[in-house]
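Shown next, in C-alpha cells, is the structure this report addresses.
Residue numbers (the UniProt record's numbering): 1 to 141.
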C-alpha cells in the first residue's frame, strides 16, 4: 500500500470520528437541556410558610403532585418563568378545586382552606391557562 493511500484512509477515518463526536456532543447537550427545561420540583409544607418541606415531588411538566393530607403551603421550583402552576384545595388537581394560578417559581400559602394538590404545566402552555380549547380545525389555522 502506498503512503498516499494510507494517508487518505487515515484522513477519512479521522473525519468520520470527528463528525461522530460532534454529533454525540450536540445530542448530549440537547438531551440535558430538555431534562432541565421540563424538570420541576413541587414541595408541600405543613405550616403557612415555605420553610421546611414535608413532602417533595420531582417530575416533568404537565403533572399533578397529589400527596395525602392537608397542607399550609406549596412551593414550585426548578421551572422557567412561563410554566403555569395551579394550586388546589382537593385531591387530583381538578379545575373545580383550583384556588390559585400563576407562572414560574413561587410559594403559595393556604387561604380559607388547606391545600391538597398542585399542578405544573409545560413551559408556554398559555391556552390551558386561559381555559381555552381548540378543535382540530382551529389548531391547524
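All residues carry an ideal CB built from backbone N, CA and C; glycine is no exception.
Everything numeric in this text was worked out from a predicted model, so none of it was measured.
With a threshold of 16 other beta carbon atoms within 10 Å, residue 117 meets it and is buried. In this structure, residue 44 sits near residue 54, with a CB-CB distance shorter than 8 Å. Around residue 119, the same chain offers 64, 86, 93 as residues with beta carbons nearer than 6 Å, after the five sequence neighbours per side are excluded. Here residue 42 has 57, 65, 74, 76, 118, 120 as same chain residues with Cβ atoms under 7 Å from its own Cβ, once five neighbours each way along the sequence are excluded. Our two residues, residue 47 and residue 112, have alpha carbons roughly 14 Å apart in a direct line. Per the DSSP secondary-structure output, residue 123 pairs in a beta bridge with 83. Straight-line spacing of the CA atoms in residue 96 and residue 88 works out to 9 Å. In terms of Cβ geometry, residue 78 and residue 39 form a close pair [threshold 8 Å].
Distances from the CA of residue 49 to each of 107, 67, 60, 115 were compared; the closest alpha carbon is that of 107. Within the same chain, and ignoring the five residues on either side of residue 109 in sequence, the residues whose Cβ sits closer than 6 Å to its Cβ are 48, 73.
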